[in-house]
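To keep things clear, I will list the structure first and then write my remarks on it.
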Amino acid sequence: MIKKLIVIEGPTASGKTALAIALAAHFNTEIVSADSRQFYKEMSIGTAKPSLDEQAGIVHH
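For the sequence shown, the numbering used here begins at 61 and goes up steadily by one.
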């Protein structure tokens, strides 16, 4: 089975988070954030951080 990687990119406030959550739920997978200001482990700050509701049920890295 070939594994696939879906990359979502676009400007701020263009709906990337909502799309990522919908895709992760559909494919039963996780979200890996590569935003230059969001990807620091144990650092609960960042730009346009997904809300707790958006993070519920989908593992975010």
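Glycine included, every Cβ here is placed at the ideal spot set by N, Cα and C.
Predicted, not measured: the structure shown is a model, and the values here were computed from it.
Paired residues, beta bridge with I91 - DSSP: Counting from 1 along the sequence shown, the entry for residue 91 is found at position 31. H120, per the DSSP bridge assignment.
Extent of the continuous alpha helix (DSSP H) to which L112 belongs: Residue 112 sits at position 52 when you count from the first residue of the sequence shown. Counting along the chain, the alpha helix (DSSP H) containing L112 begins and ends at 112–115.
Quick check: what's the CA-CA separation for G70 versus L83? Along the sequence shown, read from residue 1 onward, the residue named residue 70 stands at position 10. Along the sequence shown, read from residue 1 onward, the residue named residue 83 stands at position 23. In a straight line, the C-alpha of G70 is about 16 Å away from that of L83.
Taking all protein chains shown into account, decide if I66 is buried (16 or more other Cβ within 10 angstroms of its Cβ) or exposed. Position 6 of the sequence shown, counted from the start, is the residue given in the question as residue 66. With fewer than 16 other Cβ atoms within 10 Å, it is exposed.
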